[in-house]
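K.L.:
Quick one: the structure is below, questions incoming.
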Amino acid sequence: MGSSHAQLHGIQSCKFHSFMSQEEPLDVSKVLAAVSLLSWSLFKTLKLYSSGRTGASTAVALCIVPVRIILPKVLGSYLQLASVCFLCGLLLRLLHQLVKFILRKQELEQRTKEADLELQRRARGAVHLQDQVLSLQKQVIELERQKDHEVKEAAQLRGQVASLQCQVDNLQMQKESLMHLAFLPQGDGESWQYQDNTGDWAPFPEKAQKSLMANFHEGVERCQILIENRIYDVDFKVLVQVNRQSGKSRKIRCFLNLPSHWRITDEESLKLHVIQGNGQDGSNNIITRVTDSHLVSKLEGLLNTSKQRHDGTKCGCLHGNSTFRLVGAYQVKNLMLWRGYQRYVQNIRDKHKKYKITPVGICPDATALNELAESMQVDFAFNERLLFHGTRDLDSVTAIAQEGFDSRIAREGLFGRGAYFAIQTCKSAQYATEEAMKNKASMQMPGTLLLARVAIGDPYYTPGPYQGSRPPIRTGQEIRHDSIIAQPGIPNGQPGGVLQLTPSAEVLVIGGLYGSGTYFAAQTCKSAQYALKNRNEQLAEFITTLNLRIASLKQAAMSEKNKDAEIERLKIAAATSEKSKDAEIKRLKIAAAMSDAEIKGLKAQLELEKQNRWWKMQSQQNARSAEIEQMRNEICSLVRRLHLPPQVEGETWQYQTNSGEWAEFQDKANKELMLKFQEGQQTCEMTIDGIAYDYDFQVMNQTNKRTKKARSIRFCSNLPHHWGITDADSLKMLLPVNQGNGQDGSDDRICFVTDPAVMSTLEDLLNGSKRRHDGTGCNCLHGRSTFRLVEAYQVKNRELWRRYQRHVRSIVDKHKQHGSQLTGIDPPVGEALTQLAKDIQVDLAGNELLLLHGTREFDLAKEIAREGFDNRIARSGGLYGSGTYFAAQTCKSAQYATNIGMQEKASARLMGTMLVARVAIGDPYYTPQQCQNLTRAFAKIGQDIRYDSIIAKPGIPNGQSTGVQAHMEFVTFAPEQAYPEYILRFTEE
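Just so we're aligned, residue 0 is where the sequence shown starts under numbering that gives the first Met the number 0, counting upward by one.
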């Protein structure tokens with residue numbers, strides 16, 4: 000910087016001194032030359048300053064030097080004034096530039112300082128980041144140490160997810176089951192009621208009904224219910240509800256709609272829900288001794304007044320001249336049996352409404368019994384009567400009181416196979432003891448009679464002896480009579496003509512049960528049932544049951560040996576697994592010898608995968624938990640709904656509320672609407688809670704007569720969803736069919752399937768059900784076939800469906816009353832049948848199954864679709880009793896699908912016919928061997944109830960040429976125990 004300054008100063012001095020050494024005045028050119036020189040000097044000076052090679056004071060001094068040298072010369076010229084002005088302006092401009100350069104330099108210095116501070120701050124941040132990197136490296140090392148532990152946790156989570164999935168599936172099945180059961184019709188009139196301010200009893204709303212019923216069956220003593228935003232505390236011990244806000248209390252009761260002559264108090268009605276049986280487990284709840292002396296005297300008089308014939312004349316038989324003395328009388332109060340009888344009566348009523356049948360009066364009538372029947376509210380218009388039935392001993396009476404009359408164990412009589420009843424005491428007295436045909440009853444051998452409530456319905460008056468196990472078909476129709484009556488004077492193939500009365504083979508005993516008397520006197524009527532079974536026959540049946548049980552225990556012992564062999568096999572497999580683990584450990588050790596870089600890469604990859612799996616499993620677990628919780632809530636809700644019977648067999652009339660929701664009419668209004676619609680009325684008037692309404696069934700609305708406000712109404716049929724029934728279709732099903740013109744509604748009940756998806760599903764069902772339960776193929780004639788579905792029909796029979804539902808409800812009531820717990824079917828049926836069962840909401844958890852049934856003719860299948868399966872016409876001599884047989888394999892049912900199904904396959908010339916049926920298996924008995932003489936399922940050892948069906952598992956000895964059972968078969972013994980869903984016609988290739 001010093002050399003540049005000195006050099007510039009020397010040049011300036013040399014030039015200016017040589018310029019100023021001239022004496023003559025300066026002219027304009029010289030002045031301009033001087034100004035140029037001055038400008039050059041200033042430029043160089045500023046350049047040196049801007050580059051930092053000189054200071055500010057030095058730069059000013061260098062600028063002043065040429066001015067100081069040249070100014071005197073310039074002033075001496077004639078242009079001095081102009082030069083001075085020019086130089087002054089130039090100097091000011093140069094000074095301005097100088098100041099700008101000074102300020103710019105200071106700013107640059109400030110920025111430099113700030114940049115240094117920022118670098119220092121960033122250096123400190125870099126040190127902090129290095130510390131964080133070290134910390135993260137430590138965390139990575141820690142995560143690597145936890146890798147094995149978390150891998151194990153991931154495996155546990157996978158197991159939990161699988162377990163949760165199983166729970167979801169089980170809960171889904173339970174949900175479907177409970178959904179199915181929650182909508183089963185009960186029709187028992189069972190409801191909870193409260194006492195209003197006027198002292199009358201009013202039913203609780205539907206939601207409160209369900210809550211009360213669910214809490215009571217759960218065994219709680221107190222609960223809370225919400226009604227119209229008011230909270231009530233309910234005490235089941237004292238049967239009281241208390242308004243929590245006002246403190247006001249009301250009485251409550253459980254109304255079971257039981258016969259008035261039972262004289263059941265509210266507290267006693269609650270006890271009827273407990274288990275009933277004989278011995279120490281509650282038989283007194285079923286059979287109670289009559290202690291009312293007035294009633295005993297009335298019953299004794301009834302025995303003696305019922306001896307006479309219908310024309311008032313006396314009978315000349317052995318017991319017709321006797322005087323009956325009543326020793327003891329007992330009343331039957333069997334809630335389960337009463338409900339079953341009511342359901343059977345409702346089935347008959349539905350049939351009569353559908354076909355416009357009006358039962359005619361009984362001729363001759365039981366005049367002497369009608370007075371007592373009126374006091375018991377017997378329905379004479381329906382031909383319900385009180386009749387006598389004689390039986391040989393009290394053990395048979397106890398069995399009837401617990402299980403009801405059972406025509407399946409009756410012998411073939413003069414007028415068919417069924418339960419026989421009589422109007423006259425003397426006829427029933429012929430079967431009241433072991434030797435009643437020869438001797439009268441005495442104190443040493445008292446007789447036993449039952450007075451039964453019998454649903455005769457629409458009887459057939461037979462002109463003579465009748466053979467068969469069910470009443471004949473009505474003339475010109477496709478439905479049957481309900482019972483058979485043999486009037487006095489008809490030829491019976493025996494010496495002398497006598498009265499025979501044989502009502503329906505499905506009659507249940509419900510009324511009083513009256514026990515032994517010293518003497519009997521009766522009337523000349525031939526109406527009794529041949530005795531149910533004597534003690535020797537019962538003992539033989541019990542011994543048979545014990546033998547079957549022993550065989551079952553032996554088979555269980557053999558299975559224990561098989562278990563030991565299986566344990567040894569598992570030990571060997573475990574040893575092999577240990578060797579495999581050692582090999583895997585060696586392989587892992589070799590893999591551990593990989594380079595550090597590869598290990599780090601794998602660790603990073605594993606860490607990423609582990610985190611992904613963790614979050615995925617965590618989300619799955621949360622989703623499964625939420626789904627399980629939701630299902631549990633739904634199941635709890637459905638369980639609560641299960642214990643409350645819906646109105647009118649699940650068929651209800653509903654109106655639309657202001658919020659757009661559908662609410663049910665009250666029970667009384669519901670029944671009136673149903674009756675008026677079935678009578679064919681298009682409009683009607685009805686009063687509900689003091690408000691008059693007009694109803695129009697054509698436009699489906701109700702109108703308040705005072706306010707003129709209109710609401711929409713509808714009929715909710717609660718039929719299976721896969722029927723695809725609209726509201727209009729369900730209304731048509733309520734209307735009676737026309738009689739006498741051949742149009743019996745069969746086309747509406749048996750519908751041709753046109754949906755290709757349903758046809759494909761049913762064909763897959765035929766081919767997918769050929770395999771055994773273990774997945775192996777069957778080598779029988781039809782097991783190697785390929786089934787081709789030619790046509791299919793869906794059965795939509797409302798009356799048959801209701802009958803089936805009522806029977807299912809009876810099975811559920813029986814299990815609930817006796818505390819029975821159902822277990823799953825073992826082995827389970829095939830996947831194809833199970834999947835279709837889930838699709839149509841079959842109650843798999845309640846042991847309701849979809850099974851196959853082969854029939855040799857299409858007409859027989861249509862008859863089953865109209866009347867249902869009927870074991871009364873099943874041929875005797877079946878391997879497992881006289882019942883209705885079903886199978887889970889197509890190849891087994893195909894053996895009975897044609898007349899020659901045992902020898903040939905179905906073809907286009909002779910198509911096979913098979914039914915897909917919904918079967919209520921209930922609590923089955925797994926028979927260890929053949930049992931050909933059965934007419935009903937075995938009784939449970941040590942209990943007073945019977946199994947619901949029989950299952951023959953593959954591998955048991957069946958006494959045939961093959962030696963063992965090849966297919967799994969299911970046998971039912973009640974006509975209402977199965978419902979035909981589809982009729983399939985097929986060929987085989």
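Cβ atoms here follow ideal geometry from the backbone N, Cα and C, with glycine treated the same way. Just so you know, these numbers come straight off a predicted model, no measurement behind them.
Return the CA-CA distance between Phe972 and Arg157, expressed in angstroms with no decimal places.
P.N.:
47 Å
K.L.:
Between Ala836 and Leu848, is the Cβ-Cβ spacing less than 8 Å?
P.N.:
yes
K.L.:
Can you list, in chain order, the stretches of the alpha helix (DSSP H) that have 4 or more residues and sit fully within the segment 356 to 442?
P.N.:
366 to 374, 393 to 402 and 424 to 428
K.L.:
For Gly739, which residues from the same chain have a beta carbon less than 7 Å from its beta carbon, with the 5 sequence-adjacent residues on both sides left out?
P.N.:
Summary for Gly739: the model assigns pLDDT 35, below 50, so the residue's position carries little reliability; its value from the coordinates is reported in the next sentence. These residues qualify, in order along the chain: Gly475.
K.L.:
Measuring straight from C-alpha to C-alpha, what distance separates Leu764 and Thr706?
P.N.:
57 Å
K.L.:
Is the beta carbon of Ile749 sitting closer than 8 Å to the one on Tyr792?
P.N.:
yes
K.L.:
Considering just the uninterrupted stretch of the alpha helix (DSSP H) at Asp812, what are its terminal residues?
P.N.:
Arg797 to His817
K.L.:
Please identify the residue among Ser248, Gln701 and Pro204 whose C-alpha is closest to the C-alpha of Glu227.
P.N.:
Pro204
K.L.:
Between Gly995 and Gly867, what straight-line distance do the alpha-carbon atoms span, to the nearest angstrom?
P.N.:
Outside the displayed range of the chain (0 to 988) lies residue 995, so it cannot be described from this structure.
K.L.:
Should Ile455 be listed as close to the ligand GDP, given that the test is whether its C-beta is under 7 Å from any heavy atom?
P.N.:
Of the ligands one can find in the structure shown there are none, so the ligand GDP has no counterpart to examine.
K.L.:
Shortest alpha-carbon distance to Glu987 belongs to which of Thr889, Gln976 and Asp947?
P.N.:
Answer by Cα proximity: Thr889.
K.L.:
Give every residue of the same chain whose Cβ lies closer than 6 Å to the Cβ of Arg805, excluding the five residues on either side of it in the sequence, and list them in chain order.
P.N.:
Arg342
K.L.:
Which of the three DSSP states, helix, strand or coil, is assigned to Glu189?
P.N.:
coil
K.L.:
Indicate the three-state DSSP secondary structure (helix, strand or coil) for Val331 in the structure shown.
P.N.:
strand
K.L.:
Suppose you measure from the CA of Ala622 to the CA of Met616; what does that come to, to the nearest Å?
P.N.:
10 Å
K.L.:
Would you mind working out which of Asn932, His852 and His966 sits nearest Asp773, comparing C-alpha positions?
P.N.:
His966
K.L.:
Provide the residue(s) that pair with Asp695 in DSSP beta bridges, ordered along the chain.
P.N.:
Thr682 and Asn700
K.L.:
Would you identify the three-state DSSP class for Ala965, choosing helix, strand or coil?
P.N.:
Residue state, collapsed to three classes: coil.
K.L.:
Quick check on the burial criterion: 16 or more other C-beta atoms within 10 angstroms. Buried or exposed for Tyr607?
P.N.:
Strictly speaking, residue 607 in this sequence is Leu, with Tyr absent from that position. Exposed, because fewer than 16 other Cβ atoms sit within 10 Å of the Cβ of Leu607.
K.L.:
To which residues of the same chain is Met901 closer than 6 Å at the C-beta, ignoring the five residues directly before and after it?
P.N.:
For Met901, where only same-chain residues beyond five positions count, the Cβ hits under 6 Å are Gln894.
K.L.:
Suppose the cutoff is 6 Å on Cβ atoms and the five residues either side in sequence are ignored; what does the same chain contact list for Leu211 look like?
P.N.:
Only Trp191 meet the Cβ criterion.
K.L.:
8 Å is my cut-off, CB to CB: does Arg710 come that close to chain B?
P.N.:
Among the chains of the structure shown, chain B does not appear; only one protein chain is present.
K.L.:
Whose C-alpha, out of Pro826, Pro827 and Asp812, is nearest the C-alpha of Gln820?
P.N.:
Nearest of Pro826, Pro827 and Asp812 to Gln820, Cα basis: Asp812.
K.L.:
Rounded to whole angstroms, what is the Cα-Cα separation between Lys151 and Lys137?
P.N.:
22 Å
K.L.:
Please name the residue in Leu269, Ile687 and Arg252 whose C-alpha comes closest to that of Gln194.
P.N.:
Arg252
K.L.:
If you run the structure through DSSP and keep just helix, strand and coil, what is Lys952?
P.N.:
coil
K.L.:
Do you know how far the Cα of Ser875 is from the Cα of Phe1040?
P.N.:
Given a span of 0 to 988 for the chain in the structure shown, any question on residue 1040 remains unanswerable.
K.L.:
Whose CA, out of Lys439, Asn796 and Thr682, lies closest to the CA of Leu733?
P.N.:
Asn796
K.L.:
Applying the 10 Å Cβ sphere with the 16-neighbour rule, what's the burial state of Asn932?
P.N.:
exposed
K.L.:
So Ile863 is in the alpha helix (DSSP H); what residue range does that whole segment cover?
P.N.:
Phe857 to Glu866
K.L.:
Between Gly954, His388, Leu334 and Val752, which lies nearest to His721 when the distance is taken from Cα to Cα?
P.N.:
Val752
K.L.:
Evaluate contact between the segment 351 to 369 and the segment 446 to 463, counting only Cβ atoms and requiring at least three cross-stretch pairs below 8 Å.
P.N.:
yes
K.L.:
Let me make sure I understand the geometry here. Which of Ile949, Tyr430 and His388 has the alpha-carbon closest to that of Ala418?
P.N.:
The option with the nearest alpha carbon to Ala418 is His388.
K.L.:
How should Ser296 be labelled, buried or exposed, when 16 other C-beta atoms within 10 angstroms of its C-beta is the threshold for buried?
P.N.:
exposed
K.L.:
Specify the secondary structure class of Ala916 as computed by DSSP and reduced to three states.
P.N.:
Strand, per DSSP.
K.L.:
Starting from His480, trace the beta strand (DSSP E) both ways and give me its first and last residue.
P.N.:
No beta strand (DSSP E) contains His480, which DSSP labels as neither H nor E.
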